[in-house]
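Letter by letter, the sequence shown follows residues 673 to 1696 of our numbering.
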Amino acid sequence: MTFKSMRERLLASSMICGAAILGLSATQAVAQEGTVSEVVVTGSRIPQPNLTSASPVTVVGAEDVQTRGVTRTEDLVNQLPQVFAAQGSSYANGATGTATVDLRGLGPNRTLVLVDGRRLQAGTPAAGAGNTAPDLNFIPSALIERVELVTGGASAVYGADAVAGVVNFIMQKDFEGVRLDLQYSGFQHKNDSRVQDVIRARQAGALDPTQFPIPEEDVWDGGTTDLNLVIGANTADGRGNVTAYVGYRNVQAVTQDQRDYSACALGNNPTGPHGFSCGGSGTTAPAQFIPGGGSESALTLDPTAPGAFRAYSSARDAYNFAPSNYYQRPDERYVLGAFAHYELNERAEVYTQLMFMDDHTVAQIAPSGIFGQNININCNDNPYLSASMADALCNAGIDQLPDDPNRPETLGPNSDADLDPNNGQQASVAILRRNVEGGGRQADLRHTAYRGVVGLRGDLGDGWHYDVYGQYGVVTYQQVYLNEFALSRVLKANDVVVDPQTGQPACRSAVPLLAGSNADPNCRPYNVFALGGPSAESLAYVQTPGFQNGEYAQTVVSGTVTGDLGQYGVKTPWTEEGIGVALGTEYRREKLDLNTDVAFQTGDLLGQGGATLPSQGSYDLYELFGEARIPLVTDMPFFHSLSAELGYRWSDYSLGFSTSTYKVAGDWAPVEDIRFRASFNRAVRAPNIVELFSTSNVVLNGTTDPCAGATPTFTQEQCARTGVTAAQYTHVAANVAEQYNGLTGGNPDLDPEKSDTVSVGTVITPTFLPGFSLSVDWYNIQVEKRIGQIGQDVTLERCALTGDPFFCDLIQRAPGTGSLWLSNNGYIIDTTFNTGKLEVEGVDVEATYRMDFADYSAFSALENYGGLSFNFQGSYLKDYLVTTLPGDTPFDCAGQYGNVCTGSAVPAAAPMPEWRHKARLTWRSPWDLEISGTWRHISEIAVDNPDYVGPDSKLKAMDYFDLAGTWGVRENVTLRFGVNNIFDKDPPLVTQSNCPSGPCSGNTYPSTYDALGRYLFVGARMDF
């Protein structure tokens, strides 16, 4: 029928917003084969939408879930060459507890995620601009029918955020019967890495060799149990269906000490084994002490002479922080939901979707401690200090900090860091002491999410169709941060005196005669000067939890009508097909509410790098949109088909701005065998609630102050531009931990980002080779007014070198000291701005072939052995250009990784290989047995610092091979089994200097490479 044909075409071009994109089932499409000239999805694994759409579309079918043994949805999409790794199960430091998807490496916030063509709500209200991306944990992988990726801008179709493209999860519906799906999987690995030589070398010179263990040779860990039950039934009258599901997943933790290549933090050492060394942290146990507020030589306890110091040596004394970090987080998830629809009459069908998730995970990193904070130590009869220790910390030749040019007595060598005569003589000491007694820092994270959709759809007659729905999604969030140190308590617990009543060591604050206004009777002295460590009572005092909770809610009301104007004769003279249109309107509201306790709000938790403040905000928007597909010519010489697509969306935000997005696309098939397509899309990304409304807050945000220390990097004239006075120059204290304050937070005056996507491609489906298809698409995406931070290190450099008042006005040095870290009075403003530009360019290649042996005489001997299917997906990244600020020269991250290209300078959180591909060959036997082999390739990448020389200057190309099979042992029972990374390849290794915290963990990038070894899975699906 003509209406159905046009409706299929509209859907195939990704033009219907309110309805589920590409939502007709394969069986329905095939049933209309005689009247529908184009179909959206055939039900096979061949990505047919990519063959008929003007915009490149990639499809991942349910079979991919089985051949990969996927239990986490992020693993399903991360296998695609167009997708870059983002938040996921391998994150420990900086983990949000969510899993996100990042198309083209432009950041998860620039990828729109849909479920059956409708927006999925944000993943978490936790602090951080990237956290508003949807959480893929919400989507039960066992219920996925297919995943469709529309690459390139798609805001004209779906609204804001579709800058890099759209990932649309189509769920199984219309299920009849009972299905039980079970799977168990885990990792097997043989520890035989050359890093063992590095560990042994470190053991030989370590103060405590047990800090550097070598794991067992053969390990099996990371077990995952996945159980899913689906129940579906049609209504008695055959006009409706209800499909319900429930699922449970349990993932076991893997710590980094279970792999030899991650058992210590690797450093660059040209004379070490294989160019590596086992590095570590200066926050150690026993403690490291730097007198003079961090300006003198570092000391540590001498284990051979109790009560004495010796010089600190990182080669001997550094702490191995790697072993307790999670390589894979433990996770427990429950999902529950139902999809239903019922045809009220021939004009109206009511439908609903109800989905629920409860996900609980724990992120663990190395123990907390005292991380170089300047602490005033009592020099008068301190019971924990021997005479030699007191002299090393308190002698009159030390310049006790802080130095205040307005108080000359504090400059140069002086004997007192605290001029309050009631406290006696005090020494300012930077202390670095690891809380090895308290265990790893743990972020206990729980997300509970709900999503409900209720809608009405149907035919209006005369070629018109409507779809109206309301949707509400909400996620609640709880975090309990365990085993942290409270700075306020640490300061009190290290100010130790002799209690005149008992003659025993005591906190000054716990002695009524000495406490003054700082009384705390619960304080217990924390002895950092003892080889045996502090007492259990003092640990219980200084250790404290932190609490957060919040909620993110999304409300959507949308209505769409689609029509075939060919019913009224609206068509060109060169075709019988009419013009198809889609018109609609949408309302959306986003609301965030984050609450934090006093410990988080005051920045009292030492291992957090600053305070986490409450945040609230919301906005509304109203939208109008329209789209059209215009068949121009069909079935004429050199014009088998020629068509154009147009789209426009107007969005009005309560934030005080409106946006317009649009698209122009077309495809031309001169003959049936070849098709050319091109498109232009203008997309937008409105600032999210975190970027707009997060509370401004001073946190550790930078890594350098070139005007600090006795020998500043910048000249006096340059430092004067940054706010350093002549008297302060050479007297500004440097932070030994290389951490400096920044004022971060939202900016309610942000403008939306704008992006333009151009794609040009061809699709070849030769009639002389049935079952074969090849598509090649070039794309270019440019993002203007990128929302992000300038970076305070950039601000300091630009101000000092140029004197530009824009940058210099952002620097607020502390009065008197000129410091950017000794107190919260000194900082650099680094809130969110509209900054520079991103440009990504590349080529995608996809090929498929399906053949039966019986169809080819050359394979006549195999005609009774089924057939083969082949699929290839590859992506070439030509350019990833980053312009920090307008007018800057862009730098290219394509083919690179490191602190710039995988760090704060770009939105991506993964290395950027120039070429990646996935190729799969499947044998389809006639005995309900399929065997698939997959080859995954990641090209070589180089570190983003051209001056760097080390064993990780380049990461070699990686090739992984997987094998999987499915076997229908009975009509209603199917077994699946497989091995990924058959040859148990170790991941490429990086040193800590090229390992940005978060995406890099365990000396590699575990979301990009197979970091845990050989992955084995076995599962069964039973239908009743």
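Ideal Cβ positions, reconstructed from N, Cα and C, are used throughout, including at glycine. Note that the coordinates shown come from a computational prediction; the quantities given were computed from them, not determined experimentally.
Please give me, in chain order, every unbroken run of the beta strand (DSSP E) with length at least 3 that falls completely inside the stretch 1526-1600.
As far as the stretch 1526-1600 is concerned, its whole beta strand (DSSP E) runs of at least 3 residues are 1539-1555, 1587-1596.
Skipping 5 residues on each side, what residues in its chain have a beta carbon closer than 8 Å to that of threonine 1148?
Contacts found: His1119, Thr1120, Ala1121, Asn1221, Gly1222, Glu1223.
Considering only residues of the stretch 1608-1660, which uninterrupted beta strand (DSSP E) runs meet the minimum length of 3 residues and lie entirely inside it, listed in chain order?
1613-1615, 1630-1642, 1645-1652, all fully within the stretch 1608-1660.
In this structure, how does DSSP classify leucine 694 when only helix, strand and coil are distinguished?
Residue placement at leucine 694 is poorly supported in this model, since its pLDDT is 30, which falls under 50; the coordinates are not used for a value here.
To the nearest angstrom, report how far apart leucine 938 and cysteine 950 are at their CA atoms.
Computed Cα separation, rounded: 5 Å.
Less than 8 Å between the C-beta atoms of alanine 1102 and asparagine 1048, yes or no?
Cβ atoms of alanine 1102 and asparagine 1048: not closer than 8 Å.
Can you grab the Cα-Cα spacing for the pair aspartate 807 / phenylalanine 1028, in whole Å?
Approximately 12 Å, taken between the alpha carbons.
With a cut-off of 8 Å, do at least 3 Cβ pairs link the stretch 1361-1368 to the stretch 1417-1426?
A contact exists between the stretch 1361-1368 and the stretch 1417-1426.
From what residue to what residue does the beta strand (DSSP E) around glutamine 860 run?
That run of the beta strand (DSSP E) goes 849-862.
For leucine 1492, I'd like the list of residues in its chain whose CB is within less than 6 Å of its CB, leaving aside the five on either flank, ordered along the chain.
Counting only Cβ-Cβ distances below 6 Å, and skipping sequence neighbours, we find Asp1377, Tyr1412, Asn1413, Gly1498.
Suppose you measure from the CA of aspartate 1167 to the CA of asparagine 1050; what does that come to, to the nearest Å?
Near 6 Å, if we compare the C-alpha coordinates of asparagine 1050 and aspartate 1167.
Determine the burial state of threonine 804: buried for a count of at least 16 other Cβ atoms within 10 Å of its Cβ, exposed for fewer.
So threonine 804 counts as buried.
Whole angstroms are fine: how far does the CA of glycine 1374 sit from the CA of aspartate 1658?
Going by the C-alpha atoms only, they are around 33 Å apart.
Does the stretch 1034-1044 come into contact with the stretch 1146-1160, if we say contact requires no fewer than three beta-carbon pairs (one atom in each stretch) closer than 8 Å?
Because the criterion of three Cβ pairs below 8 Å is met, the stretch 1034-1044 and the stretch 1146-1160 touch.
Of all the options Thr882, Lys1590, Cys1179, Glu1643, which has the alpha carbon lying nearest to the alpha carbon of asparagine 1194?
Per the Cα distances, Cys1179.
For isoleucine 871 versus aspartate 788, is the C-beta distance shorter than 8 Å?
No, the pair does not count as a contact, with Cβ atoms beyond the cut-off.
Tell me the start and end of each unbroken beta strand (DSSP E) in the stretch 1424-1454 that is at least 3 residues and wholly inside, in chain order.
Listed in chain order, they are 1425-1436.
Can you give me the C-alpha to C-alpha distance between aspartate 1516 and alanine 1350, rounded to a whole angstrom?
About 14 Å.
Of the residues Asp898, Asp1063, Ala1012, which one's Cα is nearest the Cα of glycine 1124?
The shortest C-alpha separation from glycine 1124 is found at Ala1012.
Using a Cβ-Cβ cutoff of less than 8 Å, which residues in the same chain neighbour arginine 1019 once the five nearest sequence positions on both sides are dropped?
Hits under 8 Å: Gly1130, Asp1131, Leu1132, Gly1133.
Compare the beta carbon distance of valine 1214 and arginine 1161 with 8 Å and say whether it is the shorter of the two.
Yes, the Cβ-Cβ distance between valine 1214 and arginine 1161 is below 8 Å.
Determine the burial state of lysine 1628: buried for a count of at least 16 other Cβ atoms within 10 Å of its Cβ, exposed for fewer.
When all chains shown are included, lysine 1628 counts as exposed.
Helix, strand or coil, according to DSSP, for aspartate 890 in the structure here?
Strand at aspartate 890.
DSSP three-state call for tyrosine 830: helix, strand or coil?
Helix, per DSSP.
Which one of Gly1570, Ser1625, Leu1688 has the shortest CA to CA distance from glycine 1670?
Of the candidates Gly1570, Ser1625, Leu1688, the one whose C-alpha sits nearest the C-alpha of glycine 1670 is Gly1570.
Short of 7 Å in beta carbon distance, which residues of its chain neighbour aspartate 1276, apart from the five on each side in sequence? Order them along the chain.
Answer for aspartate 1276: Ala1158, Leu1159, Ser1160, listed in chain order.
Check whether the Cβ atoms of serine 1604 and glycine 1538 lie closer than 8 Å to each other.
Cβ distance not < 8 Å, so serine 1604 and glycine 1538 don't count as in contact.
Applying the 10 Å Cβ sphere with the 16-neighbour rule, what's the burial state of leucine 752?
By the neighbour-count rule (16 or more Cβ atoms within 10 Å), leucine 752 is buried.
Whose C-alpha, out of Gln1151, Val1146, Gly1127, Ala1225, is nearest the C-alpha of leucine 1140?
Strictly speaking, residue 1140 in this sequence is valine, with leucine absent from that position. The residue with the shortest Cα to Cα distance from valine 1140 is Gly1127.
Count the other CB atoms, across all protein chains shown, that sit within 10 Å of the CB of tyrosine 1240; report buried if there are 16 or more and exposed otherwise.
By the neighbour-count rule (16 or more Cβ atoms within 10 Å), tyrosine 1240 is not buried but exposed.
Closer than 7 Å by C-beta to valine 1108: which residues in its own chain qualify, once you throw out the five before and the five after it? Chain order, please.
Excluding sequence neighbours, valine 1108 sits near Ala957, Pro1039.
Would you kindly check if the distance between the Cβ of phenylalanine 1649 and the Cβ of phenylalanine 1689 is under 8 Å?
Cβ atoms of phenylalanine 1689 and phenylalanine 1649: closer than 8 Å.
Let me know the secondary structure DSSP gives valine 712 once reduced to three states.
Residue confidence is low: valine 712 scores 32 on pLDDT, short of 50, so the model does not pin down where it sits. Its coordinate-derived value is still stated next. Of the three classes helix, strand and coil, the one that applies to valine 712 here is coil, per DSSP.
Would DSSP call arginine 1686 helix, strand or coil?
In the structure shown, arginine 1686 sits in a strand (DSSP, three-state: E or B).
Find out if the Cβ-Cβ distance for the pair phenylalanine 1544, alanine 1582 is shorter than 8 Å.
Not closer than 8 Å, so no.
In chain order, which alpha helix (DSSP H) runs of at least 4 residues are fully inside the stretch 1118-1168?
Runs of the alpha helix (DSSP H) inside the stretch 1118-1168: 1159-1165.
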